[in-house]
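Participant:
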Amino acid sequence: MFKLIKNIFFLIDNNKKMSNCEIGYTNCGGGTCVDLNTDTEHCGTCNNTCDINEYCCGCMGCRNHDNDNMLTCGCLMEECLEGYGCCTIAIGVEPRCVELKTDDNNCGTCNNQCLEGDICCGGNCCVPMKCDIENGICYEGRFCVNDLSCSVGEMCCNGQCININNNNNNCGTCDNVCPEYNYCINGVCICCPCECIPCVEDNDCLPPYNVCINGYCE
0 MFKLIKNIFF LIDNNKKMSN CEIGYTNCGG GTCVDLNTDT EHCGTCNNTC DINEYCCGCM
60 GCRNHDNDNM LTCGCLMEEC LEGYGCCTIA IGVEPRCVEL KTDDNNCGTC NNQCLEGDIC
120 CGGNCCVPMK CDIENGICYE GRFCVNDLSC SVGEMCCNGQ CININNNNNN CGTCDNVCPE
180 YNYCINGVCI CCPCECIPCV EDNDCLPPYN VCINGYCE
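Numbering (numbering that gives the first Met the number 0), first residue to last: 0 to 217.
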């Protein structure tokens, strides 16, 4: 009877030792504490065994050597959502999925770092005042919501401040495109005399410039 009780206490004490693993380790039986993040026989969970050509990435499970020659447990490109890239953030740090449209250090593609002061705007490095952050558009001119956002002599045309005094596509006002051989001067489309046909009336003009405007066929 005494021997039986002694054996019971031995088993209880032995099981207690087996279950008391250090932090980061798990008792999967057999008297051994294992690291579920790296153990190929207990990968992510007890008794989840990796194949011979796989290695363990913890809760992400087993990963095939052929798909990741670096043997890192970070992301793989096919695991990232659309618009994201699997990028190495720093030496010694596992890669992770980053949003390529907004990440200043991985703008548009991995490791494409924007210059100091610029931001990643829709996947392009952009001066902050030219970026429409909500829609991810980097304009040539300064981004605006209305004319109040622009300087004197400028209008807010299609989201960017435009100098309407010298812009051939927005001459005098937004979307007023100057005809061929015309140039926007002080907000007015002016025909270049050396390239345009002088006229008095429309009958003096030939296609495709059928209208006589300000003394020249347009």
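C-beta: ideal position from N, C-alpha, C; glycine also. Only a predicted model underlies this, so the values are computations on that prediction, with no experimental measurement involved.
1) Per DSSP, what are the beta-bridge partners of Asn-162 in this structure?
2) Between Asn-52 and Asn-63, is the Cβ-Cβ spacing less than 8 Å?
3) In chain order, what residues of the same chain have a beta carbon less than 7 Å from the beta carbon of Cys-79, not counting five sequence neighbours either side?
4) With C-beta atoms as the reference, is Gln-159 less than 8 Å away from Cys-143?
5) Could you tell me whether the Cβ atoms of Cys-204 and Cys-183 are closer together than 8 Å?
6) Just to confirm, are Cys-188 and Tyr-215 a CB contact at a threshold of 8 Å?
7) Sorted by chain position, which residues of the same chain lie with C-beta nearer than 6 Å to Thr-101's C-beta, five sequence neighbours on each side aside?
8) Under 8 Å between the Cβ atoms of Pro-94 and Cys-74?
9) Unbroken beta strand (DSSP E) runs of length 3 or more, entirely within the region 55 to 138: which are they?
Facilitator: With the structure as the only source:
1) Bridge partners of Asn-162: Glu-153.
2) The criterion of a C-beta distance shorter than 8 Å is satisfied by Asn-52 and Asn-63.
3) Cβ neighbours of Cys-79 within its own chain (closer than 7 Å, five residues either side excluded): Cys-85 and Cys-96.
4) Against a cut-off of 8 Å, the Cβ pair of Cys-143 and Gln-159 comes out as a contact.
5) The beta carbons of Cys-204 and Cys-183 sit no closer together than 8 Å.
6) Taking the C-beta atoms as reference points, Tyr-215 is found no nearer than 8 Å to Cys-188.
7) Cβ within range, chain order: Cys-119.
8) Yes, they are a contact pair.
9) Listed in chain order, they are 61 to 63, 83 to 86, 95 to 98, 118 to 120 and 123 to 125.
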